[in-house]
Amino acid sequence: MTQRRILVTSALPYANYQLHIGNMLEHIQTNFWVRFQKLRGHKCVSLCADDTHGTAIMISAQQQGIREEELIARMQKAHIDDIAGFDAEYDNFGSTNSPENRALCQEIWAAIRKAGLVVEKEVTQLFDPKAGTFLADRQVKGTCPKCGARDQYGDNCDKCGATYSPADLVDPKSAFTGATPEVRGAVHLFIQIERLHRFLAEWTQSGEHLQPEVANYLAGHFLHEPLRDWDVSRPAPYFGFEIPDSPGNYWYVWFDAPIGYMASTRQWCDAHGEAFDDWWRSEATEIHHFIGKDITYFHTLFWPAMLHSAGFSLPTKVHIHGFLTVGGEKMSKSKGTFIRAATYLEHLDPAYLRYYYASKLGPRVDDLDLNLDEFITKINSDLVGKVVNLASRTAKFVEKTGLAAEYPDDGGLFAQAADEGQTIAEAYEQCDTNRAMRQIMAIADRANQYVEHAQPWVLAKDPAKARQLQDICTVGLNLFRQIAVYLAPVLPRMARQTGELLGRPISHWDEAQTPLLGTPVGRFQHMMTRVDKKQVDAMIEASKQPDESAAVVPAGQPEQGSSSIDSDQPLADVPLAPMCSFDDFQKVDLRVARIVAAEDVPEANKLVHLTLSLGGDKRLNVFAGIKSAYKPEDLVGRLVVCVANLAPRKMKFGTSEGMIVAAVGEGGKSLSLVAPDQGARPGHRVQ
Numbered sequence: 021m022t023q024r025r026i027l028v029t030s031a032l033p034y035a036n037y038q039l040h041i042g043n044m045l046e047h048i049q050t051n052f053w054v055r056f057q058k059l060r061g062h063k064c065v066s067l068c069a070d071d072t073h074g075t076a077i078m079i080s081a082q083q084q085g086i087r088e089e090e091l092i093a094r095m096q097k098a099h100i101d102d103i104a105g106f107d108a109e110y111d112n113f114g115s116t117n118s119p120e121n122r123a124l125c126q127e128i129w130a131a132i133r134k135a136g137l138v139v140e141k142e143v144t145q146l147f148d149p150k151a152g153t154f155l156a157d158r159q160v161k162g163t164c165p166k167c168g169a170r171d172q173y174g175d176n177c178d179k180c181g182a183t184y185s186p187a188d189l190v191d192p193k194s195a196f197t198g199a200t201p202e203v204r205g206a207v208h209l210f211i212q213i214e215r216l217h218r219f220l221a222e223w224t225q226s227g228e229h230l231q232p233e234v235a236n237y238l239a240g241h242f243l244h245e246p247l248r249d250w251d252v253s254r255p256a257p258y259f260g261f262e263i264p265d266s267p268g269n270y271w272y273v274w275f276d277a278p279i280g281y282m283a284s285t286r287q288w289c290d291a292h293g294e295a296f297d298d299w300w301r302s303e304a305t306e307i308h309h310f311i312g313k314d315i316t317y318f319h320t321l322f323w324p325a326m327l328h329s330a331g332f333s334l335p336t337k338v339h340i341h342g343f344l345t346v347g348g349e350k351m352s353k354s355k356g357t358f359i360r361a362a363t364y365l366e367h368l369d370p371a372y373l374r375y376y377y378a379s380k381l382g383p384r385v386d387d388l389d390l391n392l393d394e395f396i397t398k399i400n401s402d403l404v405g406k407v408v409n410l411a412s413r414t415a416k417f418v419e420k421t422g423l424a425a426e427y428p429d430d431g432g433l434f435a436q437a438a439d440e441g442q443t444i445a446e447a448y449e450q451c452d453t454n455r456a457m458r459q460i461m462a463i464a465d466r467a468n469q470y471v472e473h474a475q476p477w478v479l480a481k482d483p484a485k486a487r488q489l490q491d492i493c494t495v496g497l498n499l500f501r502q503i504a505v506y507l508a509p510v511l512p513r514m515a516r517q518t519g520e521l522l523g524r525p526i527s528h529w530d531e532a533q534t535p536l537l538g539t540p541v542g543r544f545q546h547m548m549t550r551v552d553k554k555q556v557d558a559m560i561e562a563s564k565q566p567d568e569s570a571a572v573v574p575a576g577q578p579e580q581g582s583s584s585i586d587s588d589q590p591l592a593d594v595p596l597a598p599m600c601s602f603d604d605f606q607k608v609d610l611r612v613a614r615i616v617a618a619e620d621v622p623e624a625n626k627l628v629h630l631t632l633s634l635g636g637d638k639r640l641n642v643f644a645g646i647k648s649a650y651k652p653e654d655l656v657g658r659l660v661v662c663v664a665n666l667a668p669r670k671m672k673f674g675t676s677e678g679m680i681v682a683a684v685g686e687g688g689k690s691l692s693l694v695a696p697d698q699g700a701r702p703g704h705r706v707q
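Following this note's numbering from start to finish, the sequence shown increments by one per residue and tops out at 707.
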């Protein structure tokens, strides 16, 4: 196999907040891929950094009475500790507030200036009169001017995908003080990325660099019309790098943040005697970014435009994942499901979450739900009941004799698992760890069936069957070691423990192809204990807080009201319908359904084509008028409520066999799917 040179990055965590388990999804997924590449023998370097600039950092430091540098240093240590706690370390973890980042910002800015892409414009910007500062886009919230969705940030709408200026928001509020911002004028610098439209269209639509649904999203939402100029400066006061040729103006955080990938690379190169250009100006190097879908716009349009203009290598692949929900809902502080990384580590083994994420992550931009009951069952069944149990039931019988010198006849089990190594590797390569875990657990099932049938604990009672016992345990432990190799990217601690048990460290993927023979076997040490529901309950209890203000709200999901006094406006907009009889209502069969497929209907302004599963083989074909609020790629896997016994209706685009239930407000501008609570399953009747 030809050795590849691969540079891998994760999106930079912002230095103004502690990491939570939703943030850890990305760092853990990145680590799966990096560990896999290293295990395959490739030269793979993983890099990250803290995103440290912006108004939020400045105001937070002022509120704490410390300098910004002190704040970001404290947070960097906390971030590194949290990430390392989940076995997701990086080869270098830098900071955007570094000399290397300043120098690279200046170099790239000079190239963009030379290309004639920078223009100056008078901008009316929102100013927080209480905080005494201009507000960045994400520091303003209000109602989307395009679709009417409430509580949207000042740069783009999570509901309809529209981009706009913060000044365009309806009823904007400062995220810091809640004050109504004032509109003030200032000169800003813009990059005219529309002049790179053809290049960006070719790069994004090539089929090589982005997931298909991401490429389609960009084509349908941005590239079908001229790209708006990108505002890349902010006036003082601002914590960041001052623009050398524009005194009093600072690079906007989204200009210098992705350059932080390069600055972290330069730090690593300087520490290891490597040439920076071999990593960022070489066709021999692959560059892979792992990010969440909320920052797709910046990484797939602005960032390639910057790299292209400055003559640097473009990303080979941008791997984009969805959001994390817990129990089918956004993470909630009041419910204790907004779980900080440090809180999780105080209560549970990080291997549990690593495996659960691996079992759920696929190659698409799908949201991932952490169902805590399933979490407990999956860990106890798969890892403890199948994998660890395989070693615990065999190792103790060969502590004195070691493994057999020749590999016994196992009916082809080892050879079959070795053959499956390539398909498992392909799944890892494609970020389809869900498929990889299913294949690995199938191997574990076969191995356990072998041991269960052979019953080494019975043979151990008869000294005359010592050779047979050694053979069976040799097979069992070699099958266990194969599984440990295949799981090593996900469970590095178990891989290390396996190496200690069998006297041979796991260091390469190909070690699963050849059985280990004639080596001593150490004393079996417990590798993993069962998850106790009391531990999970204690973690949830420790995470409960009354304040919901900092909770993460995944895109496409409505904010839950925090006020105990609900507005009467919805009823005023749409009065209650005339009463119906109980018998009439009983005719409507409302069922829980899972969206298993969703696609756009290009020729329809409102419709999305859905395939709903009611459980088993029962499917419904539904055309739903929800295009204004939801992107098809964000819908797959979600539970909804549907009218399951509606008479089929022939439409221009096909036959619709049902309806899904949604809440509609603001004169039809606001639309939110009605979702069942935790515990509901496809096919359950709603009554």
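All residues carry an ideal CB built from backbone N, CA and C; glycine is no exception.
Since the model is a prediction, treat every value here as computed from it, not as a measurement.
Exercise for the section: Find out if the Cβ-Cβ distance for the pair Ala199, Asp148 is shorter than 8 angstroms. Expected result: Less than 8 angstroms divides the Cβ of Ala199 from the Cβ of Asp148.
Practice task
Pull up the distance between the alpha-carbon of Val338 and that of Thr345, whole angstroms please.
Solution key: Here the C-alpha atom of Val338 lies approximately 22 angstroms from the C-alpha atom of Thr345.
Exercise for the section: Kindly confirm or deny that the region 447 to 457 and the region 47 to 65 touch, where touching means at least three C-beta pairs closer than 8 angstroms. Expected result: Contact between the region 447 to 457 and the region 47 to 65 is present, with at least three C-beta pairs closer than 8 angstroms.
Exercise for the section: Measuring alpha carbon to alpha carbon, tell me which of Asn665, Ala700, Asn409 ends up nearest Lys638. Expected result: In this structure, Asn665 is the residue among Asn665, Ala700, Asn409 with its C-alpha nearest to the C-alpha of Lys638.
Practice task
Can you grab the Cα-Cα spacing for the pair Gln84 / Phe275, in whole Å?
Solution key: Roughly 27 angstroms between the two C-alpha positions.
Practice task
Answer yes if the region 423 to 433 comes into contact with the region 487 to 494, meaning at least three C-beta pairs across the two stretches below 8 angstroms, and no otherwise.
Solution key: The region 487 to 494, when compared against the region 423 to 433, does touch it at the 8 angstroms Cβ threshold.
Practice task
Could you tell me whether the region 317 to 333 touches the region 363 to 371, where touching means 3 or more Cβ pairs closer than 8 angstroms?
Solution key: No, the region 317 to 333 does not touch the region 363 to 371.
Practice task
Ignore the nearest five residues each way along the sequence and tell me which others in Arg286's own chain have a CB closer than 6 angstroms to its CB.
Solution key: If we look at Arg286 and ignore the five residues flanking it on each side, its Cβ neighbours are Glu120, Phe296.
Problem - Cβ-based burial, Leu45 [other Cβ within 10 Å; buried from 16] - result: So Leu45 counts as buried.
Practice task
Note down, in chain order, each residue of its chain lying with its Cβ closer than 6 angstroms to the Cβ of Val572, except the 5 sequence neighbours on either side.
Solution key: For Val572, the pLDDT reaches just 37, beneath the cut-off of 50, and the residue's location in the model is therefore unreliable, leaving the point undetermined.
Handout entry: Opening and closing residue of the alpha helix (DSSP H) in which Met671 lies
Key = The continuous stretches of alpha helix (DSSP H) do not include Met671, which lies in the beta strand (DSSP E) extending over residues 669 to 671.
Practice task
Can you grab the Cα-Cα spacing for the pair Ala719 / Met514, in whole Å?
Solution key: This structure leaves residue 719 out entirely; the chain is present only between 21 and 707.
Handout entry: Cβ-based neighbour list, Pro255, same chain, cut-off 7 angstroms, excluding 5 preceding and 5 following
Key = Phe154, Ala206, Gly268, Asn269.
Practice task
Return yes when the Cβ of Gly168 is within less than 8 angstroms of the Cβ of Leu189, no when it is not.
Solution key: Taking 8 angstroms as the cut-off, the beta carbon of Leu189 is found no closer than this to the beta carbon of Gly168.
Practice task
Tell me, to the nearest whole angstrom, how far the beta carbon of Leu511 is from that of Ala425; I am working on the premise that it is less than 8 angstroms.
Solution key: So it is not a contact: roughly 29 angstroms between Cβ atoms.
Problem - Enclosing alpha helix (DSSP H) for Lys97 [first to last residue] - result: Judged by DSSP secondary structure, Lys97 falls within the alpha helix (DSSP H) whose first and last residues are 88 to 105.
Practice task
Quick one: which unbroken alpha helix (DSSP H) runs of 4-plus residues sit fully inside the region 297 to 385? Chain order, please.
Solution key: Contiguous alpha helix (DSSP H) elements confined to the region 297 to 385 occur at 297 to 300, 323 to 330, 361 to 367, 370 to 380, taking only those with 4 or more residues.
Problem - Secondary structure of Asp71, DSSP reduced to three states - result: In the three-state scheme derived from DSSP, where H, G and I count as helix and E and B as strand, Asp71 is classed as strand.
Problem - Bridge partners - Asp557, DSSP secondary structure assignment - result: Under DSSP, no beta-bridge partner is assigned to Asp557.
Practice task
Kindly list the residues whose CB is nearer than 6 angstroms to the CB of Val681, restricted to its own chain and excluding five residues on each side of it in sequence; keep chain order.
Solution key: For Val681, same chain residues with a beta-carbon under 6 angstroms away, outside a window of 5 residues either side, are Val661, Val694 in chain order.
Handout entry: Per-residue burial, Pro525 [other beta carbons within 10 Å of its own, 16 or more giving buried]
Key = By the neighbour-count rule (16 or more Cβ atoms within 10 Å), Pro525 is not buried but exposed.
Practice task
Inspect the CB distances between the region 465 to 479 and the region 379 to 398 and report whether three or more fall short of 8 angstroms.
Solution key: No: fewer than three Cβ pairs fall under 8 angstroms.
Exercise for the section: Would you mind giving the Cβ-Cβ distance between Asp70 and His99, rounded to the nearest angstrom? I have them listed as a contact below 8 angstroms. Expected result: Contact flag correct, Cβ pair sits at about 6 angstroms.
Practice task
Could you spell out the range, first to last residue, of the alpha helix (DSSP H) harbouring Tyr237?
Solution key: Per DSSP, Tyr237 belongs to the alpha helix (DSSP H) from 232 to 241.
Exercise for the section: Check each candidate in Leu209, Trp250, Ser226 and name the one with the smallest Cα separation from Asp265. Expected result: Taking only the C-alpha atoms, the option nearest Asp265 is Leu209.
Problem - Residue interval of the beta strand (DSSP E) (run including Asn269) - result: Note, Asn269: beta strand (DSSP E), 269 to 271.
Exercise for the section: List the DSSP bridge partners of Cys493. Expected result: For Cys493, which the question treats as bridged, DSSP gives no partner whatsoever.
Exercise for the section: Count the other CB atoms, across all protein chains shown, that sit within 10 Å of the CB of Arg87; report buried if there are 16 or more and exposed otherwise. Expected result: The residue in question, Arg87, is exposed, as its Cβ has fewer than 16 Cβ neighbours within 10 Å.
Exercise for the section: Could you tell me which of Pro232, Phe242, Ala283, Thr357 sits nearest to Ser115, measuring between CA atoms? Expected result: The option with the nearest alpha carbon to Ser115 is Ala283.
Practice task
Within the same chain, show all residues whose beta-carbon is closer than 8 angstroms to that of Gln533, passing over the 5 residues directly before and after it, in chain order.
Solution key: Excluding positions up to five away in sequence, the list reads Ala438, Gly441.
Exercise for the section: Could you check the C-alpha separation between Pro622 and Leu630 for me, to the nearest Å? Expected result: Pro622 and Leu630: Cα-Cα distance of roughly 14 angstroms.
Exercise for the section: Grab me the residues of Leu691's own chain with a C-beta within less than 7 angstroms of its C-beta, minus the 5 sequence neighbours each way, in chain order. Expected result: Ile646, Ser648, Ala649, Ala682, Val684.
Handout entry: Length of the line joining the Cα atoms of Arg360 and Gln38
Key = Those two C-alpha atoms are separated by around 7 angstroms.
Exercise for the section: Determine the DSSP secondary structure at Thr163, reduced to helix, strand or coil. Expected result: Thr163: strand per DSSP, three-state reduction.
Practice task
May I have the straight-line CA-CA distance separating Pro668 from Gly674, to the nearest angstrom?
Solution key: The straight-line gap separating the alpha-carbon atoms of Pro668 and Gly674 is approximately 10 angstroms.
Problem - Status (buried if at least 16 other CB within 10 Å, exposed otherwise) for Arg487 - result: Exposed is the call here.
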